[in-house]
Ligand SMILES: [Zn+2]
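Residue numbers (the working numbering): 56 to 420.
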């Protein structure tokens, strides 16, 4: 079967019945879902754990076994902050320590359905660690291309899962070039950025938030590099809005570091501003993405929700990390930019505000 609802953005070609191309096999364009995600309460399977309750929204073959490490069902915790009651969605409590697991679980199940036994990916961060975890769970061989200079806990985590690391000299784009060569040579490129099958997995966080808050939030604040999690959340809330017709979707607030803020520049339509052409260093390494692939879709999702993008100064990131830790939430600096954004705009946002805590502080250093 095809992956239902997935088409090329450029030529409109449907995702093929065989193979796992990461971009359109006809024109090279980007694949994406068309027509929104379908959420149907009567089809929810409450016997399944975590995100798999929502598997009817994933578009997977019904008889396909799930691949799970216990992702999803993360806590939503309320805390007093800045005179308001703020909700924190603790995505860092996912199995590999980040929200990426919601997408990796769906991607890996999809790979299994196509008989894939070996994949490549290019991330030295949370996406690489997450994919390595699910590949280990499914018995898929993973090769992860990383910059030669990458080090630290995430690299060690990827290695520990048994993935083969392929260090590439040069810049981040040299790494992407190398992994594309491997993909063009026939190995499946299980890219969180290119292939869209992680997006319905990310949307499961929106369904959980709706259940936990008891209604649509007023605003959701989330760090954005590629903007995939923001996009998945927005599509999840949109699917809910179509069945809860009297409610409106939350304002989606995406957060970037000022030194590398292309989505912010795109949403503000200020292409002369700093941010669009920079690739500056930032301790928020997880959102340092110079050319987000789905920028137009992210922009549409943000603006449709009456939300906006926000940028955070470097000097505000570590104090934000520490402020969250004082509330008991130990997250990585990339995640803490959501708190720094909250400080900037708390008075402008409607209740209830949900802050997404994307990645674990144990991975930083
Ligand atoms: Zn195409």
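Yeah, the Cβ is synthetic: ideal placement off N, Cα and C, and Gly gets one too.
Note that the coordinates shown come from a computational prediction; the quantities given were computed from them, not determined experimentally.
Exercise. Whose C-alpha, out of 144, 243, 303, is nearest the C-alpha of residue 384?
Worked result: 144
Exercise. Of all residues in the structure, which have a C-beta closer than 6 Å to any heavy atom of ligand 1, taken in chain order?
Worked result: 63, 65, 66, 68, 79, 81, 82, 84
Exercise. What runs of the alpha helix (DSSP H), each 4 residues or longer, lie entirely inside the segment 212-290?
Worked result: 227-239, 254-268
Exercise. For residue 159, which residues of its own chain have a beta-carbon under 6 Å away from its beta-carbon, when the five flanking residues on both sides are left out?
Worked result: 185, 186, 189
Exercise. In terms of residues, what are the limits of the alpha helix (DSSP H) holding residue 311?
Worked result: Segment 306-312 is the beta strand (DSSP E) holding residue 311; no alpha helix (DSSP H) there.
For this session: Would you mind listing the beta strand (DSSP E) stretches within the segment 142-192 that are 3+ residues and don't spill past its ends, in chain order?
Result: 173-176
Exercise. Using the C-alpha atoms, what's the distance from residue 413 back to residue 149?
Worked result: 9 Å
Exercise. Is residue 156 near residue 115, with beta carbons less than 8 Å apart?
Worked result: no
Exercise. Can you list the beta strand (DSSP E) stretches of 3 or more residues lying completely in the segment 334-392, in chain order?
Worked result: 363-367
Exercise. Over what stretch of residues does the alpha helix (DSSP H) that includes residue 320 continue unbroken?
Worked result: 317-323
Problem set entry | residue 293, DSSP secondary structure in three states | helix
Problem set entry | Exposure of residue 253, with buried meaning 16 or more beta-carbon neighbours within 10 Å | buried
Problem set entry | 8 Å Cβ cutoff met for residue 307 and residue 360 | yes
For this session: Given a cut-off of 8 Å, decide if residue 82 and residue 65 are closer than it, judged by their beta-carbon atoms.
Result: yes
Exercise. Whole-angstrom Cβ separation of residue 245 and residue 162, contact assumed at under 8 Å?
Worked result: 6 Å
Exercise. Would you call the CB atoms of residue 243 and residue 171 closer than 8 Å?
Worked result: yes
Exercise. From residue 110 to residue 267, what does the alpha carbon distance come to, in whole angstroms?
Worked result: 19 Å
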